[in-house]
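These notes are about the structure you will find just below.
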Amino acid sequence: MTETRIARVALPGPLDELFDYLPGVMGHPEPGTRVLVPFGRSRRVGILVEYAAECGCDPSRLKPVERALDPRPLFAPADLTLIRWAARYYRHPLGDALFTALPARLREPGPLLASGVAAIRLTAAGAALTPAELARAPRQQALLARLLDSPEGVAQHNLDEELGGITSALRALRAKGVVESCRLASGAVASADSSAVSAAPELNPEQAAALAAVSEALGGFRPFLLDGITGSGKTEVYIRAIAEVVAAGGQALVMVPEIGLTPQLRERFRTRLPGPLAVLHSALAAGERERAWHQASSGEAPVVLGTRSAVFVPLPRLALIVVDEEHDPSLKQQEGFRYSARDLAVRRAQLVGCPVVLGTATPALETLHNVTAGRYHRLSLPRRAGGARPPTINLLDIRNQPLRAGLSPVLRERMHAALAAGGQVLLLLNRRGYAPVLTCHSCGWVGVCPDCDARMTLHLGERRLWCHHCGRIESVPHDCPQCGGPDLRMLGRGTERLEEGLTELFPGVRIARIDRDSTRRKGELTRLLAAVHRGEVQILLGTQMLAKGHDFPGVTLAGVIDLDHALYASDFRAPERTAQLIVQVAGRAGRAERAGEVVLQTRHPEHPLLQSLLREGYGGFARAALAEREAAQLPPFTYLALLRAEAPEQEAALAFLAAARAHAEPLCSPEVELLGPVPAPLSRRAGRHRAQLLVQCAQRPALQHFLAHWTPALRALRRIKGVRWSLDVDPQEMV
0 MTETRIARVA LPGPLDELFD YLPGVMGHPE PGTRVLVPFG RSRRVGILVE YAAECGCDPS
60 RLKPVERALD PRPLFAPADL TLIRWAARYY RHPLGDALFT ALPARLREPG PLLASGVAAI
120 RLTAAGAALT PAELARAPRQ QALLARLLDS PEGVAQHNLD EELGGITSAL RALRAKGVVE
180 SCRLASGAVA SADSSAVSAA PELNPEQAAA LAAVSEALGG FRPFLLDGIT GSGKTEVYIR
240 AIAEVVAAGG QALVMVPEIG LTPQLRERFR TRLPGPLAVL HSALAAGERE RAWHQASSGE
300 APVVLGTRSA VFVPLPRLAL IVVDEEHDPS LKQQEGFRYS ARDLAVRRAQ LVGCPVVLGT
360 ATPALETLHN VTAGRYHRLS LPRRAGGARP PTINLLDIRN QPLRAGLSPV LRERMHAALA
420 AGGQVLLLLN RRGYAPVLTC HSCGWVGVCP DCDARMTLHL GERRLWCHHC GRIESVPHDC
480 PQCGGPDLRM LGRGTERLEE GLTELFPGVR IARIDRDSTR RKGELTRLLA AVHRGEVQIL
540 LGTQMLAKGH DFPGVTLAGV IDLDHALYAS DFRAPERTAQ LIVQVAGRAG RAERAGEVVL
600 QTRHPEHPLL QSLLREGYGG FARAALAERE AAQLPPFTYL ALLRAEAPEQ EAALAFLAAA
660 RAHAEPLCSP EVELLGPVPA PLSRRAGRHR AQLLVQCAQR PALQHFLAHW TPALRALRRI
720 KGVRWSLDVD PQEMV
């Protein structure tokens, strides 16, 4: 290594380039290491990406790197290759992409956190106590007794699981000087009991065939679609395949679309799989998340469970990737670095050389197209595990029906019958809040967000109007702001209002509402789901959060309250999303020994989507939808990139896109088509006007070739005051 070697460093920000520095006195750390470098008049944290023999300027003008921040690289060469590919494909600055892949605290120049698992142990004073001395404080007494059994300390998450609700007791014992914090080596933390693995349920022939196919593929790249109806035992196939990987010394990455799905998978993994489990999602405290990241990247944790950002976590022995609920749009990042975690999982498996399993009961149309094209191998689980029968689905025409709390007489009757038989009822209403509209009966005033082209939702419990697009909150007026009249009325129904109505219709019945409002507090979702599983809840209602992979064995009746608003949405993906939601909700019913029933309330029972689902199931719907997409030349038969612009004035956003189009037209091959610019469907949000320009191309390589030349031109465009823009490759949302 010569003294003239140039260190090329990626920095976070909008500039899509690497910055050249002299190695200085830092030694020669490997690429993937954080370094502190001078940048203008400040100092910045960067990632050393590569070394070069020369640079495009006089080396004497280069500044030296101040120091390396890590004793070893945070990213291995394979990790850098993946992130560089992702940044190039999604046309995002490499520095921003790299820092997106780091835990938040590591984006600053601090040292790495201490290793090990957060734990609690007794102080010398605590070890001298006996449980009898705390008889008047039973929670403290139980905690002391548990810690006396393990003088070296107990992992805090284990104490939470074993004793539940220890926060106040722990605080009291700390104040008395009885306990203190410590850290345990990951290997010292209790893991799965081997007897639990031997007690695993017997696989049916379809599960056994799916497991055999994945097992045979270990050691090489092969993408699988695990297409199993809800309740068919997909998770059991995941666990068996992961167990094989762990036994062979490898690591497995499991991704889910929602934070709410991690608790149940975490518990199943912990009772069935040996070794530490690293859990990664945005609801964790920063330190907790960073330590889990280090557990994964050091190889200590053989299994990593996380949401979409986990696709970037360094895993030195990666041997299997699982993407659960692969159809879910939450796997696509919608802000900043707009990547698809599902698609990157497939690319990562290809680069590493390992199988990737995409599991779902309702495959995305893009995934089904890849199966038809022979790129993915389909594994089918067509029946429910354990002999459970699929639910019966009934389409209920509610035209001219008297509704109470949004429920038809037929649905109310079936709810009473299900509850009387000891079953649980699940109701889905994909609209949170109390009412979507507050209006004046005298003059027609409607509560509209002043910053968006959208109505504000009434949240009656908190007495506020809330815009679900920009987050603006206003107090609920006592009188009409326009005419001063007192007759303000609520139109429509959200989950909060439905809960109120159910309380009146079913007195004495325990009801749990699960939506983003009711589960905002940390741990609340886990608490509510645990109550459902213990049978303490008889009616479970909520938004689409309930439809995503949860297992509710006691639910025998599922009802969808209002389908109609989703049937006529403007996004071309709306029919697919609606069909997936219906099938996923239906799958929550009748998963144990009792048969289930699903009731779909609608004023449009003749709608082709609903009729197709009833006659042919999701598979028939998907075949018809793919034929329509092909005829219309929409994805997956064409490829899209969406250039969005927003500005204080609509004219400025459109002017930027017009200039972008003018630069694009000379670069277009015959396969590339430009559509727009036009105002966005939601043309104003958070006080800014929004417009978009769509790029459509029949071939992915041709689209990428065009974007490679167009993106630098976009960055070089003359800045128009107040305009912000973003490029979304393979967009999932068109609003």
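First residue of the sequence shown? That's 0 in numbering that gives the first Met the number 0, and the numbers climb one at a time after it.
Note that CB positions come from ideal geometry on N, CA and C, so glycine has one too.
Bear in mind that the values here come from a model prediction, so they are computed numbers and not experimental data.
Residue i vs residue j beta-carbon contact at 9 Å
{"i": "Leu68", "j": "Pro30", "result": "no"}
{"i": "Leu183", "j": "Glu151", "result": "yes"}
{"i": "Gln263", "j": "Asp550", "result": "yes"}
{"i": "Leu487", "j": "Cys451", "result": "no"}
{"i": "Arg496", "j": "Leu459", "result": "yes"}
{"i": "Ala644", "j": "Phe705", "result": "no"}
{"i": "Ser231", "j": "Ala360", "result": "yes"}
{"i": "Leu276", "j": "Val303", "result": "yes"}
{"i": "Cys482", "j": "Cys442", "result": "yes"}
{"i": "Ala434", "j": "Gly493", "result": "yes"}
{"i": "Phe336", "j": "Asp95", "result": "yes"}
{"i": "Thr364", "j": "Ala621", "result": "The sequence given here places Leu at residue 364; Thr does not occur at that position. It is a contact, given that the beta carbons lie within the stated cut-off."}
{"i": "Ile241", "j": "Val255", "result": "no"}
{"i": "Ser379", "j": "Asp226", "result": "yes"}
{"i": "Leu656", "j": "Gln691", "result": "yes"}
Own chain, CB closer than 8 Å to residue i, minus 5 neighbours either side, in chain order
{"i": "Leu527", "result": "Ala511, Ile513, Ser517, Thr518, Val536"}
{"i": "Ile397", "result": "Ser407, Gln600, Thr601, Arg602"}
{"i": "Thr555", "result": "Ala417, Ala420, Gly422, Gln423, Val424, Ala588, Gly589, Arg593, Ala594, Gly595, Glu596"}
{"i": "Leu279", "result": "Arg288, Ala291, Trp292, Ala295, Val303, Leu304, Gly305, Thr306, Ser308, Ala309, Val312"}
{"i": "Ser193", "result": "Because Ser193 sits at a pLDDT of 39, beneath the cut-off of 50, its placement in the model cannot be relied upon, and the following sentence gives the value as read from the coordinates. Contacts found: Pro273."}
{"i": "Val245", "result": "Ala251, Leu272, Pro273, Gly274, Pro301, Val302"}
Given residue i as reference, the closest of the options once Cα atoms are compared
{"i": "Gly176", "options": "Glu201, Leu143, Ile165", "result": "Leu143"}
{"i": "Arg689", "options": "Ala707, Trp724, Gln703, Gly249", "result": "Trp724"}
{"i": "Thr502", "options": "Arg403, Pro678, Pro635, Ala530", "result": "Arg403"}
{"i": "Leu633", "options": "Pro480, Gly305, Asp570, Ala530", "result": "Asp570"}
{"i": "Met733", "options": "Arg87, Val409, Arg572", "result": "Arg572"}
{"i": "Leu224", "options": "Val321, Ala434, His477", "result": "Val321"}
{"i": "Leu330", "options": "Gln349, Leu260, Asn399, Glu266", "result": "Leu260"}
{"i": "Leu97", "options": "Val8, Ile82, Leu105", "result": "Ile82"}
{"i": "Pro647", "options": "Ile165, Lys720, Val508, Asn399", "result": "Lys720"}
{"i": "Leu524", "options": "Pro700, Met544, Arg509, Gly507", "result": "Met544"}
{"i": "Gln349", "options": "Gly218, Arg463, Leu427", "result": "Gly218"}
{"i": "Gln698", "options": "Val722, Pro669, Thr710", "result": "Pro669"}
{"i": "Pro70", "options": "Arg104, Trp84, Pro28, Cys56", "result": "Pro28"}
Cβ neighbours of residue i in the same chain (closer than 7 Å, five flanking residues each side left out)
{"i": "Leu566", "result": "Thr577, His603, His606, Leu608"}
{"i": "Val153", "result": "Ala118, Ile119, Arg145, Leu146"}
{"i": "Arg79", "result": "Note that residue 79 is Leu in the sequence shown here, rather than Arg. Counting only Cβ-Cβ distances below 7 Å, and skipping sequence neighbours, we find Pro30, Gly31, Val48."}
{"i": "Val345", "result": "Pro222, Val355"}
Nonlocal neighbours in the same chain, by C-beta distance under 6 Å from residue i, ignoring five residues either side
{"i": "Arg4", "result": "Tyr50"}
{"i": "Val351", "result": "Leu317"}
{"i": "Leu702", "result": "Tyr638, Cys696"}
{"i": "Pro390", "result": "Ala585, Ala588, Gly589, Gly595, Glu596, Val597"}
{"i": "Thr200", "result": "For the sequence presented, residue 200 should be read as Pro rather than Thr. Excluding sequence neighbours, Pro200 sits near nothing in its chain."}
{"i": "Pro102", "result": "Arg288, Glu289, Trp292"}
{"i": "Ala86", "result": "Leu93, Ala96"}
{"i": "Gly484", "result": "Cys439, Ser441"}
{"i": "Arg714", "result": "none"}
Cβ-based burial, residue i [other Cβ within 10 Å; buried from 16]
{"i": "Leu681", "result": "exposed"}
{"i": "Pro22", "result": "buried"}
{"i": "Arg687", "result": "buried"}
{"i": "Val445", "result": "exposed"}
{"i": "Arg42", "result": "exposed"}
{"i": "His708", "result": "exposed"}
{"i": "Pro33", "result": "Contrary to the premise, residue 33 reads as Arg rather than Pro in this sequence. When all chains shown are included, Arg33 counts as buried."}
{"i": "Glu299", "result": "buried"}
{"i": "Thr166", "result": "exposed"}
{"i": "His326", "result": "buried"}
{"i": "Lys547", "result": "buried"}
{"i": "Ala100", "result": "buried"}
{"i": "Val44", "result": "buried"}
{"i": "Thr542", "result": "buried"}
>> As an exercise, report each continuous beta strand (DSSP E) stretch of at least 3 residues that is fully enclosed by the stretch 349 to 384, in chain order.
In response: 354 to 359, 376 to 380
> Mind pulling the alpha helix (DSSP H) runs of 4 or more residues that sit fully within the stretch 555 to 615?
Replying inline: 563 to 566, 573 to 585
>> Quick check on the DSSP output: what are the complete beta strand (DSSP E) runs of length 3 or more inside the stretch 87 to 146, in order along the chain?
In response: 116 to 121
> Whole beta strand (DSSP E) runs in the stretch 526 to 550 with 3 or more residues, listed along the chain?
Replying inline: 538 to 541
> If you scan the stretch 16 to 65 from start to end, which runs of the beta strand (DSSP E) of 3 or more residues do you find wholly inside it?
Replying inline: 18 to 20, 33 to 38, 41 to 51
>> Report the start-end ranges of each alpha helix (DSSP H) in the stretch 323 to 352 that is 4 residues or longer and not cut off at the edges.
In response: 340 to 351
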